[in-house]
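Protein sequence lines, in the order shown, are assigned to chains W and S.
Counted from 1, the first sequence has number 459 at position 362 by this note's numbering; the numbering is strictly sequential.
Counted from 1, the second sequence has number 310 at position 213 by this note's numbering; the numbering is strictly sequential.
The beta carbon of each residue, even a glycine, is placed where N, CA and C say it ideally should be.
One structure is given here, and the rest of the page talks about it.
Number of protein chains: 2
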Amino acid sequence: MLVLPSAAVGLSAVQIQGSQMKTKPRNALYAQSGGVSAVINASACGVIEAALKAPRQIGAIYAARDGIVGALTENLIDLSRESRATIRALRYTPAGAFGSARFKLKGIEQNRAEYERLIEVFRAHDIGYFFYNGGNDSMDTALKISQIGAALNYPIACIGVPKTVDNDLPHTDCCPGFGSVAKYVAISTLEGGLDVVSMARTSTKVFVLEVMGRHAGWIAAAGGLAGRKAGEPPHIILFPEIAFEQARFLQRVQQCVTDYGYCVIVVSEGAKHPDGRFLAEAGTKDAFGHTQLGGVGPVVAGMVREAHGYKYHWAVADYLQRAARHVASKVDVEQAYAVGKAAVGYALKGMNAVMPGIQRRSSTPYRWRLAPVPLALVANVEKTVPRHFITADGFGITAACRRYLEPLIAGEDYPPYRHGLPAYVRIKGTPVRRKLKTEYKL
Amino acid sequence: MLVLPSAAVGLSAVQIQGSQMKTKPRNALYAQSGGVSAVINASACGVIEAALKAPRQIGAIYAARDGIVGALTENLIDLSRESRATIRALRYTPAGAFGSARFKLKGIEQNRAEYERLIEVFRAHDIGYFFYNGGNDSMDTALKISQIGAALNYPIACIGVPKTVDNDLPHTDCCPGFGSVAKYVAISTLEGGLDVVSMARTSTKVFVLEVMGRHAGWIAAAGGLAGRKAGEPPHIILFPEIAFEQARFLQRVQQCVTDYGYCVIVVSEGAKHPDGRFLAEAGTKDAFGHTQLGGVGPVVAGMVREAHGYKYHWAVADYLQRAARHVASKVDVEQAYAVGKAAVGYALKGMNAVMPGIQRRSSTPYRWRLAPVPLALVANVEKTVPRHFITADGFGITAACRRYLEPLIAGEDYPPYRHGLPAYVRIKGTPVRRKLKTEYKL
């Protein structure tokens, strides 16, 4: 079952920081974490624009260069040196404008020094607000920083800003970043399907599109939005949640080609054999005999060729899908901006160790609101696609899934263009003068 | 050197069909050929809308189902049964609405029966105008059909409508279909590059994007539009026109990672070793020991890993690039429509065995016009990227190339959306009643 954020998630878990924040403005630090998305900078824009509106409580606004790595190494960017136009342009600029990082802090017990270093940097720059924009791991990190702050008697509001294209955070109806990758994958499936059906008589009969989602099949599910009527692609979706049965899959491919003349398959990179091995591990070797990692798309296409001999094509969207700001979902952009703005609002209200969660009020028309969710509830929990969102045969999405997904890809939010290309912004990135004498080795 | 269409291409090669076409309207047949594109239906729209405006000369308007295959098997679609709204919507619908075919007619000497069958079908349906929308091979076919028509004393105007994402037709400044795939690839390179640079500190350092172009590197060249300043991606483009030197390539990758922290590579599927073998053939085998065809992207990424051990990602755009109507170039859509419309105009003027070629009048501002090009000049000639469009080191595009390419991706021509997805149209496809008793076996 899909766990929806409970309206009963209250503020009981939220610590009120006392009155000292009202007396003297303290500085804010924003950091991006993990894989980037088409709209993570829209969240940055929301954080920064909201923070700029609270000069009595928030002094300087900094960003960590390369995420938590910049915080550890005291590589901070002074956002007051960026123009308002640049900040505004972050709303339509994909990927991580300040740099992100795949760097998971260990548990406090295993590496207390890392946390103490963070607090040292925060103290040196009088960081009173820390906004951490990321997924599961990052919410855990933000929670631990708030705990170590309390333990070291350093007052800091740690607020999570949810972001993940995988849509696997619990206690939020969806995650900023997902709606846009979902829209990209649905459009790509639609367009690729139109291509294949028009060529199938004499050429390609099977098309495989590999999409992201190592553990949760939300992105693959979004491919299902492309088809509304029986027989429309995608004809088969391979989810990480459903154990792959090769014989049944190959039979279905053949049936599709017989019935419709072609077969479009969307496969999640996390699709697995019944024994738990990823399909992507299943066999290709390079000229040197080394296992060729990645590429479940070609693996699946190869199976089809072996069994049926159909002409096939495969595409691997990879980073293109999560960076595709040119076709972002308007709803996703609005939610990304809103969670950034709300995070600042929570901090100013004295909350700590929470993130804004998205609550769905209704699907048609789509209505949503934000509510604070304690990070302790979110950290390290993964929300996968519930079984009732997947058809009984395991190869498609149900009407309930469509009702859930469709509002998330609604609306277009096009960036401005120059010379035929989106006019994405790059920040100046003026560094904040270092205050610590110690270098930190990662 | 880039061969530009000469203004001196006159009408001397054009046969005037005599006066019988003025007396009684004859029917028109439109067919799509070869790999489809984001804008081939815009050309169909141009043909059909122009033909509908000439009822005194053109009677019924038919389309061949699945390209020339439908013409041979007498599978024709009655376009008068499609609404005007459907015809109009073809302008923003990608891929081949009537079906296309990879089916090359043999030479007249080898298979005269095939050509005679075509004339038999044409005669049965009083086809006086044949519009063939395709690339090199198709222009050759259209030429041969006009020749066989003359030989069999069957009057028919055969007009080519240029289409190829590969941009390799001679005697036209560019080909409809190319501008949109160029825009898609430039945007994808830009967006993928932003993703990688934001993660490079702790994660992926090398990103490889594989694009189409088996023999000509125009699409790969378009990736070069993403970077305007030194150090901006793509850092390396691998063209089919430049023999791949592995050691020099790997050294450049390392230099990029040292200088910029990351390296973005655009590789054409047609990239070749000095001995002429495709890189894509260079080695991966599947679990059964069979050579894994396709996927030069993973091959190149694997080389980088072997040599340098950098974390890498690769994407293969495949059909997504040529079906990406959601981000089509406005110039491309306009040219695609215009060549379709002009083809009808040529036919009505009594021309035969010509296609509309695009002539560039100026690059800034971009101005172009159409002029008829004899198919005999176009058929089976391939225009590759000239050496002076490629930087001396073979890894990038020159300013001259940018001047040529940039106007072709200018402007956005967004389709309408419904339920978060482009509202592409599907034709009803009402079949024309068959008149011949004979079945044709392909």
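Those residues which DSSP pairs with residue i across a bridge
i              : result
D175 (chain W) : W:Y159
S140 (chain W) : Per DSSP, none; premise fails for S140 (chain W).
E509 (chain W) : W:S426
L306 (chain S) : S:V363 and S:A412
N124 (chain S) : S:I224
F375 (chain W) : W:K369
R345 (chain W) : BP columns for R345 (chain W) are empty, so no partner.
I487 (chain S) : S:I494
V451 (chain S) : S:I256 and S:P471
Y465 (chain W) : Inspection of the sequence shows that residue 465 (chain W) is occupied by Trp rather than by Tyr. W:R457.
P528 (chain S) : S:I174
Residues near residue i in its chain [Cβ-Cβ closer than 7 Å; skip 5 each side]
i              : result
V236 (chain S) : Val is not the amino acid found at residue 236 (chain S); the sequence shown has Met there. Closer than 7 Å at Cβ, skipping near neighbours: G257, M452, L472, V475 and A476.
F492 (chain W) : I333, I334 and R349
Q351 (chain S) : H405
T535 (chain S) : none
Y251 (chain S) : I216, F219 and R220
Of the residues the options, the one placed nearest residue i, counting alpha carbons only
i              : options                           : result
Y409 (chain W) : W:A192, W:V293, W:G526 and W:G131 : W:V293
K525 (chain W) : W:R181, W:I216, W:Y514 and W:Y434 : W:R181
K369 (chain S) : S:A421, S:A313 and S:R349         : S:A313
K538 (chain W) : W:E211, W:G373, W:L126 and W:K203 : W:E211
A420 (chain S) : S:T261, S:K121, S:A496 and S:P331 : S:T261
K121 (chain W) : W:W411, W:P152, W:T286 and W:L291 : W:P152
Y127 (chain S) : S:Y229, S:Y189 and S:Q207         : S:Y229
A125 (chain W) : W:I362, W:E179, W:C255 and W:V308 : W:C255
F486 (chain S) : S:P512, S:F346, S:P259 and S:A317 : S:A317
L266 (chain W) : W:A248, W:D234, W:I494 and W:K280 : W:D234
Neighbourhood of residue i by C-beta, 8 Å cutoff - its chain only, sequence neighbours within 5 removed
i              : result
S300 (chain W) : K408
G193 (chain S) : Q129, V133, I137, N138 and G164
G358 (chain S) : V294, A297, R298 and K302
R199 (chain W) : G131 and G132
V428 (chain W) : G276, Y463, P504, L505, I506, A507 and G508
I205 (chain W) : Y212, K241, Q244 and I245
A384 (chain S) : Summary for A384 (chain S): the model assigns pLDDT 47, below 50, so the residue's position carries little reliability, and this model does not support an answer.
G289 (chain W) : F304, L306, P330, V361 and A412
A497 (chain W) : H485 and F486
Contacting residues, own chain, Cβ-Cβ under 6 Å from residue i (five flanking each side not counted)
i              : result
H423 (chain W) : P519
R454 (chain S) : In the sequence on display, residue 454 (chain S) carries Gly and not Arg. Within the same chain, G454 (chain S) has close Cβ partners P102, H268, T269, A468 and V470.
R457 (chain W) : D270 and W465
R523 (chain S) : none
V354 (chain S) : K302 and C360
T190 (chain S) : N138, Y521 and V522
A433 (chain S) : V136, A139, S140 and P273
Helix, strand or coil at residue i [DSSP, three-state]
i              : result
R68 (chain W)  : Nothing can be reported for residue 68 (chain W): it is not among the residues displayed for chain W, which extend from 98 to 539.
P395 (chain W) : helix
K280 (chain S) : helix
N233 (chain S) : helix
P504 (chain S) : helix
A182 (chain S) : helix
G517 (chain W) : coil
G257 (chain S) : strand
G328 (chain W) : coil
M296 (chain W) : helix
R457 (chain S) : strand
I333 (chain S) : strand
Q432 (chain W) : helix
Q129 (chain S) : strand
F195 (chain S) : coil
G107 (chain S) : For G107 (chain S), the predicted model reports a pLDDT of 29, less than 50, meaning its position is unreliable and no value from the coordinates is stated.
Y38 (chain W)  : Lying before the first or after the last residue shown, residue 38 (chain W) is absent from chain W, which here runs from 98 to 539.
* Asked: Is there contact here, the segment 319–328 of chain W with the segment 336–346 of chain W, by at least three beta-carbon pairs under 8 Å?
  -> no
* Three or more beta-carbon pairs under 8 Å between the segment 212–228 of chain S and the segment 149–169 of chain S, yes or no? -> yes
* Asked: Do the segment 136–155 of chain S and the segment 184–191 of chain S touch if we need at least three Cβ pairs shorter than 8 Å?
  -> yes
* Asked: Just checking, does the segment 478–485 of chain W make contact with the segment 394–413 of chain W on the three C-beta pairs under 8 Å criterion?
  -> no
* Validate contact between the segment 490–506 of chain W and the segment 253–270 of chain S using beta carbons, cut 8 Å, 3 pairs -> no
* Asked: Can you find at least 3 beta carbon pairs, one from the segment 438–445 of chain W and one from the segment 505–523 of chain W, that sit closer than 8 Å?
  -> no
* Cβ contact check for the segment 220–227 of chain W and the segment 155–164 of chain W: 3 or more pairs under 8 Å -> yes
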